[in-house]
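When we follow my numbering, the leftmost residue of the sequence shown carries the number 39, and every step to the right adds one.
Every residue, glycine too, gets a C-beta built ideally from N, C-alpha and C.
Reviewing the structure listed below.
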Amino acid sequence: MSFAPDDPLWATLAAIEAEPSGQFRDLVAAARLDPATDFRGADLSGWPLAGADLSGFDFTATDLRGTGLRHAVRWEGLVLAEADLDPADRVWWERLGGRSDPPSQPPPDFSLEAAHEMILAGQAPPPEWRPWITSLNFFRADLSDLTPLAGLSRLKNLIVGSTSVRDLTPLAGLSRLTSLDVSRTSVRDLTPLAGLSRLTSLDVSRTSVRDLTPLVGLSGLASLDVNYTSVSDLTPLAGLSGLTSLDVSCTSVRGLTPLAGLVGLTRLDVSRTSVSDLTPLAGLSGLTNLDMNYTSVSDLTPLAGLSGLTNLDMNYTLVSDLTPLAGLSGLTRLDLSGTPVNDLAPLADLSGLTRLDLSRTSVHDLTPLAGLSGLTRLDVSRTPVRDLTPLSSACRLTIFMDNDVIKYKLPPNKSGQMIELIPLS
């Protein structure tokens, strides 16, 4: 966990480093910190606690590795539920009859529904309930203040999407949080999340967020959604090597250079951004899904080596040349609607293609598709296409086309063949 220099806990820990460990309780008292609440979920790893009076301290979910905890002089009332301990400290604690894990059964009066209602009423759930609260969903609930969540050290999954939440500060100590959804809220500042190293999934879409800097150290983050935010700079994401899914659609993002090293990325959506250059993606060999609809992209050359691509959406882009796609044999879905494309020759060998959207293009010749027997869905509406006979090899195909069907030359009807024509008005 990270603390601001003016945070009382930070100041106390700094003083502990400079003073004998026996002064720990005095320093805590001088800082007016509450031993029963203020150290939950803290990162105290490496701080010297040998010889300290720890009676009454609640170190729930606290990182106490490297502290010499077993050499404390007093420990009456010490709480170590889910604390991270050195093996020797854990053995010492268990020999004393203590436990660092929650009991096997929740209290008889525990109710997750009741805890939910307490939080909505602005009340923190009872301490004995907290180890059993691991997931909470407040989607569209009448919630604005997250303060009652501050002591929920076992919370792993939290959804507060579509609420009135603005401040994430109460979440700063929830070190076990792995999934967080604050979409469609008034959240602007992600700083409280900077120390949540176990976070793997984060959704801040449709919020007022513009700065991703607090996420720099979240190396475990795998999924991030920032669509419809004011984000423009992806530099803070450059070191997040664990990222597999990223949605920056409908943002102010212009350049993708910070993503060049994210070789684990499999899904990327840059639709409706000012992105025009795909060069930084050339080395992302694991990419399987790429959406770049409504962008100024015109050159697909950087994608030529991405053999793992299966889904590519680029409707209403400036792309006219499909040559770079010729070797992408894994492509199954391709959306070219609204582009300047008129030549399908590069697609001739993409035998795995099952869905192809050519609507609102200048394509008129479907001959290159003659060998694509696996096609199941084809949209040629609002195109000059009138001859469908090249599709005669298709076994099961639904074709979307203009309403005036009579103008089309249809493929011959073969035994076992199912071709469905769907006119669009």
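At a cut-off of 3 residues, the continuous stretches assigned as beta strand (DSSP E) that sit fully inside the stretch 315-383 are 327-329, 349-351, 371-373. Contact between V247 and T267 is confirmed by a C-beta separation of about 5 Å, below the 8 Å threshold.
In chain order, L413, T414, R415, L416, L429, M456, I457, E458 place their CB closer than 8 Å to the CB of L435, counting only its own chain and leaving out the 5 sequence neighbours on each side.
For E458, the enclosing beta strand (DSSP E) begins and ends at 456-462. The beta-bridge partner set that DSSP reports for D263 consists of D241, D285.
One Cα belongs to V401, the other to P450, and the distance between them is close to 22 Å. When only Cα atoms are considered, D72 and V66 end up about 8 Å apart. In the DSSP secondary-structure assignment, T436 is bridged to R415, E458. Looking at the backbone, the Cα of R78 and that of T98 are separated by about 5 Å. Assigned with DSSP and collapsed to three states, V117 falls in strand.
DSSP places R310 outside both helix and strand once states are collapsed to three, so it counts as coil. A contact between stretches requires three or more CB pairs, one per stretch, nearer than 8 Å, and the stretch 147-155 fails this requirement with the stretch 121-132. Under the 10 Å beta carbon count, G189 is surrounded by 16 or more other beta carbons and is classified as buried.
In the DSSP assignment, D101 falls outside any beta strand (DSSP E), carrying neither H nor E. Here the alpha carbon of G258 sits roughly 30 Å from the alpha carbon of E166. Looking only at D124, F95, L123, the smallest Cα-Cα distance to R112 is reached by F95. Here L123 carries a coil assignment [DSSP, helix/strand/coil]. Within a 10 Å sphere around the beta-carbon of F176 sit 16 or more other beta-carbons, which makes this residue buried.
DSSP, reduced to helix, strand and coil, places L134 outside both helices and strands of the structure shown, so it counts as coil. For D219, the enclosing beta strand (DSSP E) stretches over residues 217-219. Taking the Cα positions, P378 is about 16 Å away from L363. For I157, the enclosing alpha helix (DSSP H) starts and ends at 150-158.
Classified as exposed, G84 has fewer than 16 neighbouring CB atoms from the shown chains inside 10 Å of its CB. Exposed is the label assigned to N441, since fewer than 16 other Cβ atoms lie within 10 Å of its Cβ. S213 is not a Cβ neighbour of T238, given a cutoff of 9 Å. Bounds of the beta strand (DSSP E) holding L196 are 195-197. DSSP places R393 in the uninterrupted beta strand (DSSP E) bounded by 393-395.
Taking P252 as reference, the option from G277, D315, P164 with the minimal CA-CA separation is G277. Here D76 carries a coil assignment [DSSP, helix/strand/coil]. For L65, the enclosing alpha helix (DSSP H) begins and ends at 62-68. Ranked by how close their Cα comes to the Cα of T105, the residues D81, G390, P169 have D81 in first place. The beta carbons of T201 and R226 sit no closer together than 9 Å. Rounded to the nearest angstrom, the gap between the Cα atoms of S309 and N380 is 22 Å. According to DSSP, N175 shares a beta bridge with I197.
Short of 6 Å from the beta carbon of I157, and not among the five residues preceding or following it, lie these beta carbons of its own chain, in chain order: P186. In this structure V291 is in contact with L272, their Cβ atoms being roughly 6 Å apart against a cut-off of 8 Å.
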